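Below is one structure, written out as structure tokens, with a few remarks after it.
Residue numbers (this note's numbering), protein chains in the order written: chain A, 7 to 346; chain B, 432 to 687.
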């Protein structure tokens, strides 16, 4: 392949229709490149770990517990999602802690930025249903959230409008693809070519409450059992997520649900009356440093290791990967330091 | 220092949970110079043997593994977890935790003694997580334990040595049993204080794993453990009520 010829003749295959694959395909398609997406499952759905994601675009909250690079990259993704997915909700994030764990809130604040301290009245103004529940909170006004399932569908629709098809029930290995360039976005299945990948189990629950409402994701800090609650609209909430160094994809354990549902009950007793709609578990693809990688080996470009930051990081990684595709000299492994 | 016939030079034992990433965990272990790391089985997919990727990572670090029964609330759970650990890691060592109270994670000392008896008969080398209670400690030794691990403070509380008197009494009461402060340490000064009391080692996890910079904190603990041990060996002075001038007062010129 030659760079001097028009990039439109370049044939590109993206393997995997999770958030990494679909964002990569869209970034390429928007640059006028002929892309196809192949996916081994029969449709967008629980076959991809993106399906079970929280969908929080919360780079500043993540800074409190991950390396700074995740936050710095993630910040750039919020605008990308807003422009492409109208369902992106820009209402920020609220972080609270029970009275006995207020030191957790101080520590969280110390490790991040772009937040305001809220008192009881401030919390009630943002989330009336949390009035009188917590004395102090942190509000991250610049963060956003989305419904991962709707976002994946929206990406697929945008791709379709650009003439990009997703071929479902097509299980091919990168070396078997005939395209000029292959983007390997297979997540944990990509460990055949990235042996350092491991799965980190996350368990979640979907509940519906008719008497409790939130406008934004709320994180409840706890030394052992942190919880986030993401509103999905119509009274539906996603509760997440455990993080276990385990490669058991499920079923969800009683202990994990006790912890998640117990924490939800601690957030507000009204959630005790909520209906359980769904329990889910999946494996986050992670590398030993829990940071993502874009690397190129010949005509294969791998985008992987998104860990628990799929929706937060995918758009930026997709742009890096597209850069890799269009630059014939891009052949070095992109260590996380290079992301800075 | 000798644990069940194994000679060790590092007096810092490190837990492997809750680090930002396995890579940072590895760097922290190196910086701590720990020769023993604890690994929890229950939480990390024990029953289905699904924690394999993480466990192989730990195995490849080349440090001695002390599997623990963290999160077990009954004798039966703890005993079966210990058996699983022996099979998985090929070691007879087991850090025995039987939790009695969910909020303080206080050990259930009755269950602990019972589980220790069962496991000792089965050939395990037991490192019991216990309180500073001397009678319980005696029972654990009778059950077959050759190392005791009293808490400094509740797990993850970062409070340091809660009961200095009790811990000092324990050291005096068991001069020849290896004693390890397990749990509750938050700062290197807590670790140094434990070593100055004459404890043989300290075991910690959260204080390093959840520090903003775990690798640096691991090294800080390593230095503190060394300093405390050295101070203990150097026979520190006793506190006294009155000033003891370091230069003679008598015969000094009166300048005022």
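Virtual Cβ for every residue (Gly too), placed ideally from N, Cα, C. What you are looking at is a predicted structure, and each value in this text was computed from that prediction instead of being measured.
#### Entry: residue 239 of chain A - containing beta strand (DSSP E), residue span
As a position in the first chain, residue 239 of chain A is number 233, starting the count at 1. Under the DSSP assignment, residue 239 of chain A falls in the beta strand (DSSP E) whose first and last residues are 233 to 239.
### Query
Could you check where the alpha helix (DSSP H) with residue 389 of chain B kicks off and where it finishes?
An answer regarding residue 389 of chain B cannot be provided, because it is not within the stretch 432 to 687 covered by chain B.
### Contact residues within the region 200 to 214 of chain A, judged by C-beta distance below 8 Å to chain B
Listed by position along the chain: 204, 205, 207.
### Query
When you compare only the Cα positions, how much space is there between residue 340 of chain A and residue 571 of chain B?
By 1-based counting over the first chain, the position of residue 340 of chain A is 334. By 1-based counting over the second chain, the position of residue 571 of chain B is 140. Bear in mind that the predicted position of residue 340 of chain A carries a pLDDT of just 47, short of 50, making it unreliable; the figure below should be weighed with that in mind. Rounded to the nearest angstrom, the gap between the Cα atoms of residue 340 of chain A and residue 571 of chain B is 53 Å.
### Between the CA atoms of residue 662 of chain B and residue 668 of chain B - distance to the nearest angstrom
As a working note, residue 668 of chain B is residue 237 in the second chain. As a working note, residue 662 of chain B is residue 231 in the second chain. As the crow flies, the alpha-carbon of residue 668 of chain B is around 10 Å from that of residue 662 of chain B.
### Query
Based on the DSSP secondary-structure assignment, which residues constitute the bridge partners of residue 581 of chain B?
Taking the first residue of the second chain as position 1, residue 581 of chain B is located at position 150. Partner(s): B:561.
### Message
For residue 511 of chain B and residue 576 of chain B, I'd like the C-alpha separation in whole angstroms.
### Response
One-based indexing of the second chain puts residue 511 of chain B at position 80. One-based indexing of the second chain puts residue 576 of chain B at position 145. Cα to Cα, the separation comes out at about 18 Å.
### Message
Using a Cβ-Cβ cutoff of less than 7 Å, which residues in the same chain neighbour residue 322 of chain A once the five nearest sequence positions on both sides are dropped?
### Response
On the first chain, position 316 is the one that residue 322 of chain A refers to. Sequence-distant partners of residue 322 of chain A (beyond 5 residues in either direction) whose C-beta falls short of 7 Å from its own C-beta, in its chain, are 79, 82, 83.
### Message
Pairs of beta-carbons, one from the region 67 to 77 of chain A and one from the region 180 to 194 of chain A, closer than 8 Å: are there three or more?
### Response
Because the criterion of three Cβ pairs below 8 Å is not met, the region 67 to 77 of chain A and the region 180 to 194 of chain A do not touch.
### Message
Along the region 573 to 589 of chain B, where does the CB come closer than 8 Å to a CB of chain A? Name the residues.
### Response
For the region 573 to 589 of chain B, which is checked against every Cβ of chain A, the residues closer than 8 Å are 587.
### Query
Is residue 503 of chain B helix, strand or coil by DSSP?
Against the second chain, residue 503 of chain B aligns to sequence position 72. Three-state DSSP puts residue 503 of chain B in coil, outside helix and strand.
### Task
Kindly indicate if chain B contains any beta-carbon less than 8 Å away from that of residue 295 of chain A.
What you label residue 295 of chain A is simply residue 289 of the first chain in a count that begins at 1. By this cut-off, residue 295 of chain A is an interface position.
#### Entry: the region 502 to 522 of chain B: positions lying closer than 7 Å to chain A by Cβ
For the region 502 to 522 of chain B, the set of residues with a beta-carbon nearer than 7 Å to any beta-carbon of chain A is empty.
### Expected contact under 8 Å - CB spacing of residue 212 of chain A and residue 242 of chain A to nearest Å
Taking the first residue of the first chain as 1, we reach residue 212 of chain A at position 206. Taking the first residue of the first chain as 1, we reach residue 242 of chain A at position 236. 6 Å between Cβ atoms; contact.
### Query
Counting only runs that start and end within the region 214 to 302 of chain A, where is the alpha helix (DSSP H) found for 4 or more residues in a row?
Entirely contained in the region 214 to 302 of chain A, the alpha helix (DSSP H) runs reaching 4 residues are, in chain order, 260 to 273.
### Message
Just to confirm my understanding: we take residue 1 of chain A, look at its own chain, exclude 5 residues before and 5 after, and list those with CB closer than 6 Å. What are they?
### Response
Since the first residue of chain A shown is 7 and the last is 346, residue 1 of chain A is not available in this structure.
### Query
For residue 171 of chain A versus residue 50 of chain A, is the C-beta spacing smaller than 8 Å?
Residue numbering aside, residue 171 of chain A sits at position 165 when the first chain is read from its first letter. Residue numbering aside, residue 50 of chain A sits at position 44 when the first chain is read from its first letter. No, Cβ-Cβ distance for residue 171 of chain A and residue 50 of chain A is not below 8 Å.
#### Entry: CA-to-CA distance, residue 657 of chain B to residue 146 of chain A, given in whole angstroms
On the first chain, residue 146 of chain A is found 140 positions in, with the first residue counted as 1. On the second chain, residue 657 of chain B is found 226 positions in, with the first residue counted as 1. Distance between the alpha carbons of residue 146 of chain A and residue 657 of chain B is about 42 Å.
### Bridge partners - residue 526 of chain B, DSSP secondary structure assignment
To locate residue 526 of chain B, count along the second chain from 1; it is residue 95. Beta-bridge partners assigned by DSSP to residue 526 of chain B: B:499, B:558.
### Task
Evaluate residue 632 of chain B with the Cβ neighbour count: other Cβ atoms within 10 Å of its Cβ, from every protein chain shown; 16 or more gives buried, anything less gives exposed.
On the second chain, position 201 is the one that residue 632 of chain B refers to. The C-beta of residue 632 of chain B has 16 or more other C-beta atoms within 10 Å across all chains shown, which makes the residue buried.
### Query
Among B:454, B:450, B:464, B:603, which one has its Cα closest to the Cα of residue 442 of chain B?
By 1-based counting over the second chain, the position of residue 442 of chain B is 11. Selected option, being the one with the closest Cα: B:464.
### Message
Taking its Cβ as the centre, do 16 or more other Cβ atoms sit within 10 Å of residue 264 of chain A, making it buried, or is it exposed?
### Response
Working through the first chain from its first residue, we reach residue 264 of chain A at position 258. Residue 264 of chain A counts as exposed, since fewer than 16 other C-beta atoms from the protein chains shown sit within 10 angstroms of its C-beta.
### Message
Closest to residue 220 of chain A by C-alpha separation, out of A:270, A:54, A:64, A:133, would be which residue?
### Response
Within the first chain, the letter at position 214 stands for residue 220 of chain A. Measuring from the Cα of residue 220 of chain A, the nearest candidate turns out to be A:133.
### Query
Mind pulling the chain B residues with CB within less than 8 Å of residue 71 of chain A?
Position 65 of the first chain, counted from the start, is the residue given in the question as residue 71 of chain A. In chain order: 451.
### Query
Quick one: does residue 225 of chain A have its CB under 8 Å from some CB of chain B?
In the first chain, residue 225 of chain A corresponds to position 219, counting from 1. Output row for residue 225 of chain A: interface = no.
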